[in-house]
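Asks: Just dropping this structure here.
Protein chains: 6
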Amino acid sequence: MTKALYVGSFDPITNGHLDIIKRAAKIFDELTVVVAINTNKSALFTPQERVNLITQVTRDLENVACKSVTGLTAETFTQEKADVLVRGVRNGEDLNFEIQVAGMNQYLNQEVETVFIPANSKWEFTSSSLIKEVVKMGGSIKGLVPETVEVLLKSRLK
Amino acid sequence: MTKALYVGSFDPITNGHLDIIKRAAKIFDELTVVVAINTNKSALFTPQERVNLITQVTRDLENVACKSVTGLTAETFTQEKADVLVRGVRNGEDLNFEIQVAGMNQYLNQEVETVFIPANSKWEFTSSSLIKEVVKMGGSIKGLVPETVEVLLKSRLK
Amino acid sequence: MTKALYVGSFDPITNGHLDIIKRAAKIFDELTVVVAINTNKSALFTPQERVNLITQVTRDLENVACKSVTGLTAETFTQEKADVLVRGVRNGEDLNFEIQVAGMNQYLNQEVETVFIPANSKWEFTSSSLIKEVVKMGGSIKGLVPETVEVLLKSRLK
Amino acid sequence: MTKALYVGSFDPITNGHLDIIKRAAKIFDELTVVVAINTNKSALFTPQERVNLITQVTRDLENVACKSVTGLTAETFTQEKADVLVRGVRNGEDLNFEIQVAGMNQYLNQEVETVFIPANSKWEFTSSSLIKEVVKMGGSIKGLVPETVEVLLKSRLK
Amino acid sequence: MTKALYVGSFDPITNGHLDIIKRAAKIFDELTVVVAINTNKSALFTPQERVNLITQVTRDLENVACKSVTGLTAETFTQEKADVLVRGVRNGEDLNFEIQVAGMNQYLNQEVETVFIPANSKWEFTSSSLIKEVVKMGGSIKGLVPETVEVLLKSRLK
Amino acid sequence: MTKALYVGSFDPITNGHLDIIKRAAKIFDELTVVVAINTNKSALFTPQERVNLITQVTRDLENVACKSVTGLTAETFTQEKADVLVRGVRNGEDLNFEIQVAGMNQYLNQEVETVFIPANSKWEFTSSSLIKEVVKMGGSIKGLVPETVEVLLKSRLK
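Residue numbers (the numbering used here), protein chains in the order written: chain F, 1 to 158; chain W, 1001 to 1158; chain G, 2001 to 2158; chain B, 3001 to 3158; chain S, 4001 to 4158; chain V, 5001 to 5158.
Printed below as a string of structure tokens:
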């Protein structure tokens, strides 16, 4: 029985994130999507809004749960009795950043292992920040985020 | 007849930008340099100042025009009846960022094609931000930007 | 009037190459695909076979011609009265190699300019060498190369 | 129940490989190490020798099996009823190569998913080829490969 | 007689920085660690606090001195009669940034030469910013920074 | 007193190598250029020819010596009583390879330290292999290698 955690800010969830969730849910027996609350960064959606959106768009995935957590991922890993952290990577630059975070997590908690799932090349250009910028400039993000997220983003950034 | 757009913030134009402009003007029949106005970012020079500087330093290049635009590059591409977007790249990191932006532009407007011109290695270390930082610290940027830009930068950052 | 050259070994042409050809043909007024004959490397198909395959799969693209050439690209550039060289790039590693080749070409012939077209992420994992390896191991490459190429490859590598 | 495959040439297995095996065996319920036989490449050890070495150095890992296979990994994936392919990555360059191979594997067999485990920085500089080169030049590789491998390598490359 | 400068913000010094200092002190006859004061950036520790910390943790290294400087590194290089600048690099991304800074320093002062020391892989995941973030979230950074720094960090970020 | 070694195949020396030699000779008190003889690789020039060429083009650099060596660099480091190994790097890819070699050298001999000198962007596109290829195809390499090397290369590759 293998339990994975997918930790991120998901502000908001994009179809790129959703693709990683679906593929991780297929690989691992259990997947918990964790909205990491970072009090040092301003966010567009509250933690609860983000959890609601993720829960809604993953409702068909039986082995996927979602929660929000403050504090260190290395501690959440133990609290959640996880076996592995999952992260998506698009290119060498993502990898350099993720190797640093994975190294720090394993330093803080020797049990923590991280695996990287290569992003589907279809979503290679998506990121929450670029999508929010396009919405602010009046662009259509249809197909880049789940519909419920699209509606909420437009109203929030009108 | 091939029309290219070179879109950026140009805050201000550097000799690295100017090198890309001259080479793109040689490759393509028509080149329009577009100062992209981003209301979410503070700039040192107003859009009009940036357009004036670019117009002045490219006055000898007959097939080069310059304007400032708010809004999405993907829309400007259609409004300007362009055939291609041009961007300069210095290294793998620039490329990762540019591939993401090019992917989003093509998603928003299927007609958009982007080509990358390899930066002349002579200007590999220049960027508007690093040049502004050097001026703030009293360094000489002679030869890194056109003279008119150098004079204006010094007075603005005195 | 802008004439581009797309120089490569094309041993054989893949759908990744064909995607670059179609997009370059859309950007530039004229495109010549040049099969570069490298006497130091063994090839699976003869130069003429490669030219025939390319000519056949680009027959609907009116502004695209194809020929094979021995000798330096920097010299072919002048002989063909080209304005620009076109190359596809998938990631930072491709870029490092291409920047080196572009730098040497411009050193040998100052007129040579090179632009890079970002590979369509759909074809990011294709390359002639990986496709040939898959065929040798009995895998199906349907959809990765034009059909005529698929048939010829299978018979050649049976 | 999650079954992973770790496919490679392992010519021979190094402590870097062994580290990935141990960590994958901890993450997944079952791990099969597959020695991929590539008839196009010359190898130092026979497939059976490589399987024997791997089997011996992983004997304490109950959920780890080892076998050699010719043919496509995408087919082995189905034959072995695997859930995921596992590969180690050290840097951006490894990732670019692995993303290409993972993309081809998923093209050949849609069920194939690949995850990358970041190499332990301790083994970042090891590779079978560099280790063989050091042995050929009389260097000591103590600690870089399991002892049995060290003994066999020295005798084979004397 | 070779004198090196190691210039950075060191806000605060980490064991990764200390590793570079020890190795540079072994390579070069003289090493001056320079705390670069950047009035445009907010810092956690004052320049004097940073100098005190560095002086304390390098007290056993006879050929190492420390000072803080405002102004351009290219000018400090001449004032300090240095022969070379030393910087640590962990991966390709660090290198791209460092090549840009080294290029600008050499443009501002032709005498400036920069050499890069590969970070010890043990400290590959450490950086002042990530360490401060972990402390803010209540994590233990024991072993990542010298003890005196650990104590001061905890009190400062309580 | 700091003694550096610059180890490579130099088959043949290029102006890119020479630039690294001149800059290393300026930084360090003593520099020995070591032609590493690799019996597993075919070379265009004999070790002695390479040493003669290097000796000739560095005759004005008083603190530079040259020799050829078989065997491990880690052992040569001790025999030559060196303080540091010097290597040139052009981009992230070079760095990944050099970090691996530096890691292995330090593993084989804990005393070995390696520093990287950023290649002058002017020579970023040069490499012995690319230069030999251009000569084979009849191209002019004037200015890319010292004149004596140019003459010898042309006659050898006629």
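By construction, the Cβ of each residue, glycine as well, lies at the ideal position given by its N, Cα and C atoms.
Quantities reported herein were computed from a predicted structural model and do not represent experimental measurements.
#1: Tell me whether the beta-carbon of Gly92 (chain F) lies closer than 9 Å to the beta-carbon of Asn3096 (chain B).
#2: What are the residues of the segment 5113 to 5126 of chain V that lie near chain W, defined by any Cβ-Cβ distance shorter than 7 Å?
#3: Using the three-state DSSP reduction, which class does Lys1163 (chain W) fall into: helix, strand or coil?
#4: Compile a chain-ordered list of the residues in the segment 1005 to 1034 of chain W whose CB is closer than 7 Å to at least one CB of chain G.
#5: Around the Cβ of Asn3015 (chain B), are there at least 16 other Cβ atoms within 10 angstroms (buried) or fewer (exposed)?
#6: Please state whether the Cβ-Cβ distance between Asp4019 (chain S) and Ser4128 (chain S) is less than 9 Å.
#7: Can you confirm whether Val64 (chain F), when its beta carbon is compared against all beta carbons of chain B, has any partner nearer than 9 Å?
#8: Let me confirm a value: Asn1105 (chain W) is counted as buried when at least 16 other C-beta atoms fall within 10 Å, else exposed. Which label applies?
#9: Answer with buried or exposed for Met5001 (chain V), where buried requires no fewer than 16 other C-beta atoms within 10 angstroms of its C-beta.
#10: Compare the C-beta of Ile99 (chain F) with all C-beta atoms of chain S and state if any pair is closer than 9 Å.
#11: Sort out for me which residues DSSP pairs Arg1087 (chain W) with in a bridge.
#12: Taking only beta-carbon positions, decide if Asn4091 (chain S) is within less than 9 Å of chain B.
#13: Counting only beta-carbon separations shorter than 9 Å, does Ala4102 (chain S) have a partner in chain W?
#14: So, do the segment 4059 to 4073 of chain S and the segment 80 to 88 of chain F have three or more beta carbon pairs nearer to each other than 8 Å?
#15: Within 10 angstroms of the Cβ of Thr3078 (chain B), are there 16 or more other Cβ atoms? Answer buried if so, exposed if not.
#16: What does Leu31 (chain F) pair with, by DSSP beta-bridge criteria?
#17: Quick one, which of F:Lys154, F:Gly138, F:Ile131 has its alpha-carbon nearest Leu144 (chain F)'s?
#18: Within this structure, are the beta carbons of Ile4013 (chain S) and Leu4053 (chain S) separated by less than 9 Å?
#19: Does the beta carbon of Leu1130 (chain W) come closer than 9 Å to any beta carbon on chain S?
#20: Just to make sure I have the definition right: I need the residues of chain V whose C-beta is within less than 9 Å of the C-beta of Leu2108 (chain G). Which are they?
#21: Could you name the residues of chain V that Leu2072 (chain G) contacts, counting a contact when the two beta carbons are closer than 8 Å?
#22: Please give the ranges of any beta strand (DSSP E) in the segment 4098 to 4152 of chain S, keeping only runs that are unbroken, at least 3 residues long and fully inside the region.
#23: Grouping DSSP H, G and I as helix and E and B as strand, with all else coil, what is Thr4070 (chain S)?
#24: Return the first residue and the last residue of the alpha helix (DSSP H) that Thr1055 (chain W) is part of.
#25: Ala2200 (chain G) by DSSP, collapsed to three states: which one?
#26: Can you pull the chain F neighbours of Asn3096 (chain B), defined as C-beta to C-beta under 7 Å?
#27: Please confirm if Thr2 (chain F) has its CB atom under 9 Å from at least one CB of chain B.
#28: Any idea what DSSP makes of Ile13 (chain F), helix, strand or coil?
#29: Measure from the alpha carbon of Gln3048 (chain B) to the alpha carbon of each residue in B:Asn3040, B:Val3134, B:Ser3068, then state which is nearest.
#30: Given that a residue counts as buried once 16 or more other Cβ atoms are within 10 Å of its Cβ, and exposed if not, what is Asp60 (chain F)?
#31: How about Leu5108 (chain V) and Val3134 (chain B): do their beta carbons lie closer than 9 Å?
#32: Assign Thr46 (chain F) to buried or exposed, taking buried as 16 or more other Cβ atoms, counted over all protein chains shown, within 10 Å of its Cβ.
#33: Look at the Cβ atom of Ala5102 (chain V), then the Cβ atom of Pro4118 (chain S), and state whether they are nearer than 9 Å.
#34: I believe Gln1100 (chain W) touches Phe125 (chain F) by the beta-carbon criterion, under 8 Å. Please report the beta-carbon distance rounded to the nearest angstrom.
#35: Looking only at C-alpha atoms, which of S:Lys4122, S:Trp4123, S:Pro4146, S:Leu4157 sits nearest to Gly4139 (chain S)?
Replies: So, from the listed chains and residues:
#1: yes
#2: Ser5121, Lys5122, Glu5124
#3: In this structure chain W extends from 1001 to 1158, so residue 1163 (chain W) is not present and cannot be described.
#4: Near chain G, meaning a CB-to-CB distance below 7 Å, the residues of the segment 1005 to 1034 of chain W are Arg1023, Lys1026, Ile1027, Phe1028, Asp1029.
#5: buried
#6: No; because the gap between Cβ atoms is not below 9 Å, this pair is not in contact.
#7: Interface flag for Val64 (chain F) against chain B is unset, since no Cβ pair is found closer than 9 Å.
#8: buried
#9: exposed
#10: By this cut-off, Ile99 (chain F) is an interface position.
#11: Arg1087 (chain W) pairs with W:Phe1116.
#12: yes
#13: yes
#14: no
#15: exposed
#16: Leu31 (chain F) is bridged to F:Ala4, F:Val64.
#17: F:Ile131
#18: yes
#19: Yes, contact with chain S.
#20: Val5134, Gly5139, Ser5140, Ile5141
#21: Val5134, Met5137, Gly5138, Gly5139, listed in chain order.
#22: Taking only runs of at least 3 residues, the beta strand (DSSP E) segments lying wholly in the segment 4098 to 4152 of chain S are 4114 to 4118.
#23: strand
#24: 1047 to 1057
#25: This structure cannot speak to residue 2200 (chain G), because chain G is shown only from 2001 to 2158.
#26: Gly92
#27: yes
#28: coil
#29: It is B:Ser3068 whose Cα lies nearest to the Cα of Gln3048 (chain B).
#30: The residue in question, Asp60 (chain F), is exposed, as its Cβ has fewer than 16 Cβ neighbours within 10 Å.
#31: yes
#32: The residue is exposed, with fewer than 16 neighbouring Cβ atoms inside 10 Å.
#33: yes
#34: Taking the Cβ atoms as the reference, Gln1100 (chain W) lies roughly 5 Å from Phe125 (chain F), within the contact range of under 8 Å.
#35: S:Leu4157
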